[in-house]
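Down below is the structure, laid out as structure tokens.
Residue numbers (the numbering used here): 49 to 226.
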């Protein structure tokens with residue numbers, strides 16, 4: 049726990065690839081999840097609906113979170129909206145560096161485009177972004193550099209402009225590019 053607190057205090061954030069089990073509290077509302085990482089909410093457990101809604105509304109807007117009605121449990125949202133809640137929860141805490149694990153896994157094409165724009169904006173603000181993705185297309189779209197790791201060892205490292213998608217896939221699969 050001490051290491052987690054130190055990491056958070058230094059501005060490090062980790063957005064898990066398993067939003068359902070590790071990233072969000074499915075039974076809590078959208079607004080509660082969005083504010084969960086905020087210091088004041090976490091310390092005082094502010095559950096007053098009006099106060100929570102006022103604080104969460106701009107975050108919902110910034111991250112494009114859409115709920116059909118009101119403030120439902122986050123578990124009732126689509127995968128894309130759940131992922132936006134997860135990103136909003138952590139990225140609104142002003143990170144210095146952020147680790148994103150498969151940020152668009154299980155989301156639709158429109159949500160994927162929105163999330164890619166959010167990652168671009170994060171990098172443009174000077175936040176260091178470390179991306180771990182199972183999607184070669186996503187890596188090619190978002191990364192400046194690519195590092196392929198296998199069994200805990202770096203097996204390749206390239207500027208993103210120096211490798212093709214096919215070379216990236218071949219390297220990641222342990223083969224040689226054709």
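C-beta: ideal position from N, C-alpha, C; glycine also.
query	result
For the beta strand (DSSP E) containing residue 178, name the first residue and the last one.	176–180
By Cβ distance below 6 Å, which residues in the same chain neighbour residue 206 in space, the five residues on each side in sequence not counted?	194
Between the Cα of residue 186 and those of 82, 216, 114, spot the shortest distance and give me the residue it belongs to.	216
I'd like to confirm the pairing. Which residues does DSSP put opposite residue 166 in its beta bridges?	Beta-bridge pairing links residue 166 to no other residue.
Determine which residues share a DSSP beta bridge with residue 60 and list them.	145
Note the first and the last residue of the continuous beta strand (DSSP E) segment covering residue 207.	201–207
Within 10 angstroms of the Cβ of residue 89, are there 16 or more other Cβ atoms? Answer buried if so, exposed if not.	Confidence at residue 89 is low in this model, with a pLDDT of 48, below 50, so the placement of that residue is unreliable and no value is reported for it.
Please classify residue 200: is it buried, with 16 or more other beta-carbons within 10 angstroms of its beta-carbon, or exposed?	exposed
Report yes if the C-beta distance between residue 219 and residue 197 is below 8 Å; otherwise report no.	no
Kindly indicate which three-state DSSP category residue 69 falls into: helix, strand or coil?	helix
Note the first and the last residue of the continuous alpha helix (DSSP H) segment covering residue 122.	Looking at the DSSP string, residue 122 is not in any alpha helix (DSSP H), and its letter there is neither H nor E.
CB residue 154 to CB residue 132, shorter than 8 Å?	no
Would you kindly report the start and end of the unbroken alpha helix (DSSP H) that includes residue 187?	184–190
Considering only residues of the same chain and omitting the five flanking positions on each side of residue 103, which have a CB-CB separation below 7 Å?	83
Identify the residues that DSSP records as bridge partners of residue 77: which are they?	121
Mind checking residue 51: buried by the 16 CB within 10 Å criterion, or exposed?	exposed
Return the CA-CA distance between residue 100 and residue 140, expressed in angstroms with no decimal places.	15 Å
In three-state DSSP terms, what is residue 198?	strand
Name the two residues that bound the continuous alpha helix (DSSP H) containing residue 110.	97–111
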